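First the structure, in the form of structure tokens, and then the observations on it.
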Amino acid sequence: MTLLVAVGTFIHGFDALVEAADTAAKALDLRGFAQIGGSRAIPRHLDWARFLPPTALQARIAAASLVVCHGGVGLLGEAMRAGRPILVVPRRGRVTRANPSNDQTALVHRLAEYQPIRVCEHPEELGFHLAAMLAEGLEARRYYLGSDVPDLIRSFLQRRPIRSS
């Protein structure tokens, strides 16, 4: 089992996710790699790098048994295209003009209504969710990757129900 943890490119990283993933990896005896971005937290049990070139990150995602990431659409999209099981920990923060996507909670919950991803509300619960996913099995996932993304985003922004095709 190989774990990939990724926090994206947010300038401040995601310390709570890095720390929780490192702690869970040790507790569950998991091997893995963390892309920690601008996080101050440094893993002690996972191999890590701040950033990877896009092709290297894609290769790590494709090789991972399980992807743990923040709720950014870039990482989620890469993991979905690779068919990897996904455990997402949404970043929570004050939404400002400078950081309009600082709270990812609504987006990941909406996505989880339509895709087989698991949401971990709080980083301190990460070990519990990882253990549950391991017990359930980590077979490849099938994600609906049709061209309705503009409709999904429009519906989310307008807070209207999504019509089924």
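Following this note's numbering, the numbering of the sequence shown begins with 1 at its first residue and continues without gaps.
All C-beta atoms in this analysis are idealised placements derived from N, C-alpha and C, irrespective of residue type, glycine included.
Quick caveat, the model's predicted, so the values are computed rather than measured.
Can you tell me the Cα-Cα spacing of residue i and residue j, whole angstroms?
{"i": "residue 73", "j": "residue 47", "result": "24 Å"}
{"i": "residue 18", "j": "residue 31", "result": "14 Å"}
{"i": "residue 97", "j": "residue 8", "result": "19 Å"}
{"i": "residue 37", "j": "residue 53", "result": "12 Å"}
{"i": "residue 51", "j": "residue 11", "result": "12 Å"}
{"i": "residue 115", "j": "residue 138", "result": "15 Å"}
{"i": "residue 149", "j": "residue 86", "result": "19 Å"}
{"i": "residue 4", "j": "residue 135", "result": "18 Å"}
{"i": "residue 173", "j": "residue 113", "result": "Residue 173 lies beyond the stretch modelled for the chain, which goes from 1 to 165, so this question has no answer here."}
{"i": "residue 93", "j": "residue 157", "result": "18 Å"}
{"i": "residue 43", "j": "residue 26", "result": "10 Å"}
{"i": "residue 41", "j": "residue 63", "result": "24 Å"}
{"i": "residue 122", "j": "residue 6", "result": "16 Å"}
{"i": "residue 49", "j": "residue 16", "result": "16 Å"}
{"i": "residue 146", "j": "residue 159", "result": "21 Å"}
{"i": "residue 55", "j": "residue 45", "result": "24 Å"}
Is the beta carbon of residue i sitting closer than 8 Å to the one on residue j?
{"i": "residue 129", "j": "residue 120", "result": "yes"}
{"i": "residue 67", "j": "residue 89", "result": "no"}
{"i": "residue 20", "j": "residue 34", "result": "no"}
{"i": "residue 76", "j": "residue 126", "result": "no"}
{"i": "residue 131", "j": "residue 57", "result": "no"}
Would residue i count as contacting chain E if we go by Cβ distances under 8 Å?
{"i": "residue 153", "result": "The structure shown has no chain E; it contains just one protein chain."}
Using CA coordinates, which residue listed in the options is at the minimum distance from residue i?
{"i": "residue 141", "options": "55, 111, 82 and 154", "result": "82"}
{"i": "residue 152", "options": "117, 133, 126 and 107", "result": "107"}
{"i": "residue 59", "options": "1, 79, 45 and 71", "result": "79"}
{"i": "residue 104", "options": "24, 154 and 70", "result": "70"}
{"i": "residue 91", "options": "6, 1 and 14", "result": "14"}
{"i": "residue 143", "options": "84, 43 and 131", "result": "84"}
{"i": "residue 65", "options": "1, 131 and 145", "result": "1"}
{"i": "residue 24", "options": "145, 124 and 146", "result": "124"}
Contact check, residue i vs residue j under 8 Å by CB: the rounded distance?
{"i": "residue 133", "j": "residue 154", "result": "Residue 133 to residue 154, Cβ: 31 Å. No contact."}
Please specify which runs of the beta strand (DSSP E), each continuous and at least 3 residues long, are wholly inside the stretch 46-134, giving them in chain order. 47-49, 66-69 and 86-88
Any alpha helix (DSSP H) of 4 or more consecutive residues that is wholly inside the stretch 6-39: 15-27
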